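**Q** Residue numbers (the numbering used here), protein chains in the order written: chain A, 1 to 321; chain B, 1001 to 1321.
(1) Three or more beta-carbon pairs under 8 Å between the stretch 308-316 of chain A and the stretch 264-284 of chain A, yes or no?
(2) How big is the Cα-Cα spacing for residue 1163 of chain B and residue 1283 of chain B?
(3) What residue range does the alpha helix (DSSP H) around residue 63 of chain A cover?
(4) Exposed or buried, residue 1206 of chain B, counting other C-beta atoms within 10 Å across all chains shown (16 or more means buried)?
(5) Quick one: Cα of residue 1154 of chain B to Cα of residue 196 of chain A, how far?
(6) Once DSSP output is grouped into helix, strand and coil, what is the label at residue 144 of chain A?
(7) Using the three-state DSSP reduction, which class does residue 245 of chain A fall into: helix, strand or coil?
(8) Any beta carbon from chain A within less than 8 Å of residue 1055 of chain B's own beta carbon?
(9) What is the rounded straight-line gap between the Cα of residue 125 of chain A and the Cα of residue 204 of chain A?
(10) Going by DSSP, what residues sit across from residue 218 of chain A in a beta bridge?
(11) Which residues in chain A have a C-beta closer than 8 Å to the C-beta of residue 1184 of chain B? List them in chain order.
(12) Counting only beta-carbon separations shorter than 8 Å, does residue 100 of chain A have a partner in chain B?
(13) To which residues does DSSP link residue 1027 of chain B through a beta bridge?
(14) Taking the alpha carbon of residue 178 of chain A as the point to measure from, which residue in A/186, A/145 and A/187 has its own alpha carbon closest?
(15) Looking at chain A, is there any beta carbon in it that lies within less than 8 Å of the beta carbon of residue 1008 of chain B?
(16) So which residues on chain B does residue 300 of chain A lean against when the C-beta distance must stay under 8 Å?
(17) Is residue 305 of chain A close to chain B, meaning its C-beta is less than 8 Å from at least one C-beta of that chain?
(18) Taking DSSP as the reference, what is the three-state secondary structure of residue 1056 of chain B?
(19) List, in chain order, every chain B residue whose beta-carbon is nearer than 7 Å to that of residue 26 of chain A.
(20) With 8 Å as the threshold, decide whether the Cβ of residue 1280 of chain B is near any Cβ in chain A.
(21) Runs of 3 residues minimum, wholly inside the stretch 248-290 of chain A: which ones carry the beta strand (DSSP E) assignment?
(22) Residue 40 of chain A versus chain B: which residues are under 8 Å apart at the beta carbon?
(23) Buried or exposed for residue 1138 of chain B, please, with buried defined as at least 16 other CB atoms from any protein chain shown within 10 angstroms of its CB.
(24) Can residue 47 of chain A and residue 104 of chain A be called in contact, C-beta distance under 8 Å?
(25) Does the stretch 163-175 of chain A come within contact of the stretch 111-126 of chain A, defined as at least 3 CB pairs closer than 8 Å?
(26) Hey, is residue 1111 of chain B's beta-carbon within less than 8 Å of any beta-carbon in chain A?
(27) Within its chain, find whatever has a CB closer than 8 Å to the CB of residue 312 of chain A; leave out the 5 residues flanking it on each side and keep chain order.
(28) With distances taken Cα to Cα, identify the nearest neighbour of residue 14 of chain A among A/37, A/73 and A/96.
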């Protein structure tokens, strides 16, 4: 849950006067996105999301994120897009923060995805990868393999507070992944955080993707591995192979995997599991005592990591090899 | 900011199947109300607030709150009303909590009220008091004079952690108010929490009142005293007499104060200040170390209390006596 930046009536009025959105009808802080302050803004022109970018977002990345949404939408992907003000700018300032108004996307996220929804996500992810081709800006993945060891070191040897022996296992995993991480797979713009929270459904059908604030350039199949972890494990942390098959074959129906991608999938899934294990571990260890926001359990991703380490090849995910 | 109760897709679907609201178009947790979980729900039928009542609300009070909204709206007050399901019920259950769907009210709350807005609030408060006449249910004010000493005692002598000497001042104020609290002023249903958060404006005009979850039966002029404290003091805690005059004369233009009410106003304002001082003090002292939700500063209300103690009569609030 986000902490909200507040602003005065006059500040809001001044900010909105640069846009052609008519009079404000309502404004409510919403609990969406942990990085930024988000408000649902209703004006005579319709519903919008007003986003104030907080300090965890680098302002230098904003043209990439906002430009990507415009690029993807222009290529037919259903995603929010920034509203441009009368000067043609997608980004302004409110309460001394970079601020954008983003179009509103109908739909609700699912809490417990069904196999057909996993298939729809796979297809939509591949459509995103296709639609992103030709996007002029690039952004390196700040949470890829090079960043994992520094992130682990920032946890100052406290991993065993979560689970005995976890520190040792992370260290050996880091050694292995740093030595074997693939470098030559097809790359492009990836979403990098396509969890169920960020996918909307409407009337049983996928209606759009949101939250592009982790998007970056990296291996496309890594994005599928992130989704595999996020969508296809059950609450008891066992893989649901029906969901995995649906997600991966859904993806491949739009953009077929290369043989190299299929071979690398278990390794990419290990890396994707470690990436979320490490960020959750860091958040878990650094959350203030007694805070009302409960950080996500890192051990869910530890169990995924262990699962992928036991996998011989992508047939374990339901793919026909 | 509220902590949100989450629920499964199936639970929501089952809950909504009892209502005639059409298909869901979006659902977002909103940061409104600290006592309950609130979602903005958009369906084919329009925008609604979905409220799950959390443990700080006594379920036995819900028929009063929901019935009051129906009663007030039927008498012409602009306030949200519960949507009744096909069985005609305003209250259901979701995620094992009493849950209601409430109509959506357009408008935004002001952060820094202007005098004309204070006048509008005064008029609207009196309209609420008039409109509530004849409401069949009653609810005693659980935060009136009888509850103040127990609330202070729950702070276990720690008031001086906020400000040196505060404990002693509260004790002497309790003694005085318990001995002099008026008993014979006109009573009825009061809002009891009409802060700027709970009043919406649209295009410079007051568009409605929300959040009736502290409403109860008590002295009508006490409600005006709560508003005086909430709307008419500046950030430096000085009274803005222009705003106070606007609020009180606005009120009196709809429902004239009795001579007894005008005489009691400084005392009621002291009591209203003490009530919010005590609840804020309690929250301040009991908030978990390092919590992300910053409790409101109790000393703002200590300064209001001191101001009202120095007041000879209601002319200090801009009323002509």
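Backbone N, C-alpha and C fix where the C-beta goes; we use that ideal spot for every residue, glycine too.
Remember, predicted model here, so these are calculated numbers, not experimental data.
**A** The short version:
(1) yes
(2) Looking up residue 1163 of chain B in the second chain gives position 163. Looking up residue 1283 of chain B in the second chain gives position 283. Distance between the alpha carbons of residue 1163 of chain B and residue 1283 of chain B is about 15 Å.
(3) Along the first chain, one-based indexing puts residue 63 of chain A at 63. Its alpha helix (DSSP H) spans residues 62-74.
(4) For the purposes of this step, residue 1206 of chain B is taken as residue 206 along the second chain, with counting starting at 1. Counting Cβ neighbours within 10 Å, residue 1206 of chain B comes out buried, since at least 16 surround it.
(5) Locating residue 1154 of chain B in the second chain gives position 154, where the first residue counts as 1. Locating residue 196 of chain A in the first chain gives position 196, where the first residue counts as 1. Roughly 43 Å between the two C-alpha positions.
(6) As a working note, residue 144 of chain A is residue 144 in the first chain. DSSP places residue 144 of chain A in coil when its eight states are reduced to three.
(7) Position 245 of the first chain, counted from the start, is the residue given in the question as residue 245 of chain A. In this structure, residue 245 of chain A counts as helix in the three-state DSSP scheme.
(8) If you number the second chain from 1, residue 1055 of chain B lands on position 55. No, residue 1055 of chain B does not count as interfacial toward chain A.
(9) As a working mapping, residue 125 of chain A is identified with position 125 in the first chain. As a working mapping, residue 204 of chain A is identified with position 204 in the first chain. Those two C-alpha atoms are separated by around 17 Å.
(10) Within the first chain, numbered from 1, the residue matching residue 218 of chain A stands at position 218. A/188.
(11) The residue you call residue 1184 of chain B lines up with position 184 of the second chain. What residue 1184 of chain B touches in chain A: nothing, since even the nearest Cβ is about 40 Å away.
(12) Start at 1 with the first residue of the first chain, and residue 100 of chain A comes out as number 100. Chain B, which has no Cβ nearer than 8 Å to the Cβ of residue 100 of chain A, makes this no.
(13) Here residue 1027 of chain B refers to the residue found at position 27 when the second chain is read from its first residue. B/1041, per the DSSP bridge assignment.
(14) For this step, residue 178 of chain A is matched to residue 178 along the first chain. Considering only alpha carbons, the answer is A/145.
(15) Residue 1008 of chain B sits at position 8 when you count from the first residue of the second chain. Residue 1008 of chain B counts as touching chain A.
(16) Here residue 300 of chain A corresponds to residue number 300 of the first chain, with the count starting at 1. By Cβ distance, chain B contributes nothing, its closest Cβ being about 16 Å from residue 300 of chain A, past 8 Å.
(17) Walking along the first chain from the start, residue 305 of chain A turns up at place 305. For residue 305 of chain A, the answer is no, since every Cβ of chain B falls outside 8 Å of its Cβ.
(18) Position 56 of the second chain, counted from the first residue, corresponds to residue 1056 of chain B. Three-state result, residue 1056 of chain B: coil.
(19) One-based indexing of the first chain puts residue 26 of chain A at position 26. Correct list: 1106, 1107 and 1108.
(20) Working through the second chain from its first residue, we reach residue 1280 of chain B at position 280. So, not an interface residue.
(21) none
(22) Translated into the one-based positions of the first chain, residue 40 of chain A becomes position 40. Per Cβ cutoff of 8 Å: 1028, 1030 and 1040.
(23) Your numbering for residue 1138 of chain B matches position 138 in the second chain. Residue 1138 of chain B should be labelled exposed.
(24) The sequence position of residue 47 of chain A within the first chain is 47, counting from 1. The sequence position of residue 104 of chain A within the first chain is 104, counting from 1. Yes, they are a contact pair.
(25) no
(26) Within the second chain, residue 1111 of chain B is the residue found at index 111, counting from 1. So yes, residue 1111 of chain B belongs to the interface.
(27) Within the first chain, numbered from 1, the residue matching residue 312 of chain A stands at position 312. Excluding positions up to five away in sequence, the list reads 266.
(28) Taking the first chain and counting its residues from 1, one reaches residue 14 of chain A at position 14. Ranking A/37, A/73 and A/96 by Cα distance to residue 14 of chain A puts A/96 first.
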